[in-house]
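Q:
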Amino acid sequence: MTHSLRGRLLAWVMLPLAGAVVLAGVVGRQNAESTATVVQDRLLLGSARIVAEQLRFEDGSIQDPVPPAALELFQSSDIDSVYYRVITSDGRTVTGYSEFPLSDARLQPETSQFFDTVVRGQAVRAVVYLQPVLTETGIQPVRVQIAQTLHGRAALVKSLWMQAMVQQLAALALVALLVWLGLRNCLKPLLQLRDAVLARRPGSLHALELAAVPVELSPLVDAINEYAIRLERHTSVQRLFIQNAAHQLRTPLTLLTTQVSYAIRASEPMGRSESLSAIRQTVQQSVRLVNQLLTLSSAEVQAAGDLQGESGRLDEVVRRVLEDMAGRAQSKDIDLGFEASAVDIHVRGHAVTLREIVTNLVDNAIRYTQPGGIVTTRIVADDRRVTLSVEDNGPGIPLAERERVFQRFYRLNDSDSDGCGLGLAIVKEFAEALGADVALRTPASGAGVTVEVGFVAATRSDLP
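Sequential numbering from 1 applies to the sequence shown in full-length UniProt numbering.
See below:
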């Protein structure tokens, strides 16, 4: 699934802002309700004071003509009902709605209290105000109650909240636009880098320029350049390998053509037989060369994978290889020996890969050891490491040449053997794929050479 970097950055910026807007909307709603309640309470208190100021004692009773100005305060476009009631200290209703519930608040003169109640089945907001009135018997406290339904307050809450939300959403949209434009501008270097890569010719592995690249993209460009260097190095090796392989194949094929032509022209049976023997030898060398090229190619493919997650029994692999090589060793009168410090020795690596390593080492030792020589394979194991060594008493390898013998197609002397110069290269390639190391030593006798391969010992979790 493809992800947009611009979309992810925009989401990381805008989602918290959107959450803040939602939170602001909740808080704004509460503030709008608080503001509308304060406005309604002030109107109620103002109306109650106007009514209270008109109270007077006449004809032996308290009179309260409710002035129109007291109710004009509640005029609005919303349909709201207003209720009032004036009550003496003995509970008598002077004027107003008798169904208006009385407040049980204990008040001091000229003080008020707000409360919520229900009148005629409608929820209302109400205020009670205590007004002292001078009568013939003294000061008498009179309660003035004013109430209003909640339609107007709800409309005011909605209006205040909508105004706040419109402002918040407009600000969010503006921020989103600015962030999007900013991201678009900031991502231009990345798009320019993409265009620079796409504009390259096929096969071009030159380093990318770092001058106009932002600091944040420098690690990416450095990684690309480093990969290009490694790829160029690998391509050069492959190119050289193909050239060498073509040269190595051209030589026996040219020789084979010459030998076939000579065999065709040969009139005597003896000459024809010698030509056919030479042809057979050339074909065998060519087959061996092709097989080693295929093996080396397989080693390169396996080196790109993970071969260290498997395990194989090295001592068993060595025994089978020596059994297969016994005929060749016997034909050259070579003493083929095997020594192991333990049995059931497991190392990290597939059995097929281990067999290729052992086969090439033993094959090289037999090939380069003179008749009557000795080739000994040893395994020394401990808890962490297993060392495989193949020792011969052949001509050996000079110290100055020991690094070069691991190169592909490199041979010390072309006239000494019919080898292809790939055996140790194959061993090194497979060993590196297994995380093993390869080294050349001089035997204690001073003659010949010992090739050592250090494997990682398999743990219990690696065993099948």
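All residues carry an ideal CB built from backbone N, CA and C; glycine is no exception.
#1: From this set, P141, L354, V127, which residue's C-alpha is nearest L43's C-alpha?
#2: Taking T93 as the reference, which of A105, S47, F115, R143 has the closest Cα?
#3: Ignore the nearest five residues each way along the sequence and tell me which others in G423's own chain have a CB closer than 6 Å to its CB.
#4: Would you mind working out which of Q370, V380, V438, Q163 sits nearest G28, comparing C-alpha positions?
#5: Taking Y129 as part of the beta strand (DSSP E), name the residues at either end of that continuous run.
#6: For L130, does the count of other Cβ atoms within 10 angstroms reach 16, so buried, or fall short, so exposed?
#7: For residue 465, which of helix, strand or coil comes out of DSSP?
#8: Can you tell me the Cα-Cα spacing of H350 and R313, whole angstroms?
#9: Which class does P141 belong to by DSSP, given the choice of helix, strand or coil?
#10: Between G372 and V449, is the Cβ-Cβ spacing less than 7 Å?
#11: Which value, in whole angstroms, describes the spacing of the CA atoms of R239 and V453?
#12: For T149 versus D80, is the C-beta spacing smaller than 7 Å?
#13: Give a yes or no on whether the C-beta atoms belonging to V124 and A147 are separated by under 7 Å.
#14: Any contact between the segment 5–25 and the segment 108–125? By contact I mean 3 or more CB pairs, one from each, below 8 Å.
#15: T450 by DSSP, collapsed to three states: which one?
#16: Excluding the 5 residues flanking I87 on each side, which residues of the same chain have their C-beta closer than 6 Å to its C-beta?
#17: Excluding the 5 residues flanking D306 on each side, which residues of the same chain have their C-beta closer than 8 Å to its C-beta?
#18: Is the Cβ-Cβ distance between L17 and L172 less than 7 Å?
#19: Whole angstroms is fine: what's the gap from R85's alpha carbon to G138's?
#20: Determine which residues share a DSSP beta bridge with F114 and list them.
#21: Enumerate in chain order the residues of its own chain whose CB-to-CB distance from L21 is below 6 Å, with the five nearest sequence positions on each side excluded.
#22: Whose C-beta lies closer than 7 Å to the C-beta of V321 among residues of the same chain, with five residues either side of it excluded?
#23: Taking C-alpha atoms, which residue in R56, P398, P202 lies nearest to P132?
#24: Between which two residues does the alpha helix (DSSP H) containing Y368 stretch?
#25: DSSP three-state label for S89, please.
#26: Can you give me the C-alpha to C-alpha distance between N185 and A433, rounded to a whole angstrom?
#27: Between Q370, G25, S341, which lies nearest to S331 when the distance is taken from Cα to Cα?
#28: Buried or exposed for L253, going by 16 or more other Cβ atoms inside 10 Å?
#29: What is the C-beta distance between G394 and Y368, in whole angstroms, given that I count them as a contact (C-beta under 8 Å)?
#30: For G121, which option in Q108, R106, Y83 has the closest C-alpha, if you only look at C-alpha atoms?
#31: Identify which residue in Q54, E391, R348, E209 has its Cα closest to the Cα of A447.
#32: Please check the pair L388 and F455, which I expect to be a contact at CB under 8 Å, by giving their CB distance rounded to whole angstroms.
#33: Where does L440 sit, in a helix, a strand or coil, going by DSSP?
#34: Can you tell me whether DSSP reads S445 as helix, strand or coil?
#35: Answer with buried or exposed for H234, where buried requires no fewer than 16 other C-beta atoms within 10 angstroms of its C-beta.
#36: Using CA coordinates, which residue listed in R106, F100, Q108, L107 is at the minimum distance from V119?
A: Per the coordinate set shown:
#1: The option with the nearest alpha carbon to L43 is V127.
#2: Ranking A105, S47, F115, R143 by Cα distance to T93 puts R143 first.
#3: N360, N364.
#4: Minimum Cα distance to G28 is reached at Q163.
#5: Unbroken beta strand (DSSP E) run through Y129: 122–135.
#6: The residue in question, L130, is buried, as its Cβ has 16 or more Cβ neighbours within 10 Å.
#7: An answer regarding residue 465 cannot be provided, because it is not within the stretch 1 to 464 covered by the chain.
#8: H350 and R313: Cα-Cα distance of roughly 9 Å.
#9: Three-state result, P141: strand.
#10: Here G372 is not near V449, since their CB atoms are 7 Å or more apart.
#11: Approximately 28 Å, taken between the alpha carbons.
#12: Cβ atoms of T149 and D80: closer than 7 Å.
#13: Going by C-beta atoms, V124 is nearer than 7 Å to A147.
#14: They do not touch, by the three-pair rule.
#15: Per DSSP, reduced to three states, the secondary structure at T450 is strand.
#16: Counting only Cβ-Cβ distances below 6 Å, and skipping sequence neighbours, we find T93, R143.
#17: Any reading at D306 is ruled out, since the residue's pLDDT is 49, under 50, leaving its predicted position unreliable.
#18: Yes, they are a contact pair.
#19: Near 23 Å, if we compare the C-alpha coordinates of G138 and R85.
#20: Paired residue(s): V127.
#21: A small correction: the amino acid at residue 21 is Val; Leu does not occupy that position in the sequence shown. Taken in chain order, the residues that qualify are Q168, L172.
#22: Taking C-beta separations shorter than 7 Å and ignoring five residues to either side along the sequence, the partners of V321 in its chain run R355, V358, T359, V362, following chain order.
#23: Ranking the options by Cα distance to P132, first place goes to R56.
#24: Y368 -> alpha helix (DSSP H) spans 351–368.
#25: S89 sits in coil when the DSSP states are folded into three classes, being neither helix nor strand.
#26: Roughly 45 Å separates the two Cα atoms.
#27: For S331, the nearest C-alpha among the options comes from Q370.
#28: Note on L253: under 16 other CB atoms within 10 angstroms of its CB, so exposed under the neighbour-count rule.
#29: Going by Cβ atoms, the distance from G394 to Y368 rounds to 5 Å, so yes, they are a contact pair.
#30: Comparing Cα positions, the closest option is Y83.
#31: Comparing Cα positions, the closest option is E391.
#32: Right, the Cβ-Cβ distance comes to about 7 Å (below 8 Å), so this counts as a contact.
#33: If DSSP states are grouped into helix, strand and coil, L440 belongs with the strands.
#34: Secondary structure at S445: coil, using DSSP grouped into helix, strand and coil.
#35: By the 10 Å Cβ count, H234 comes out exposed.
#36: When only C-alpha atoms are compared, the closest one is F100.
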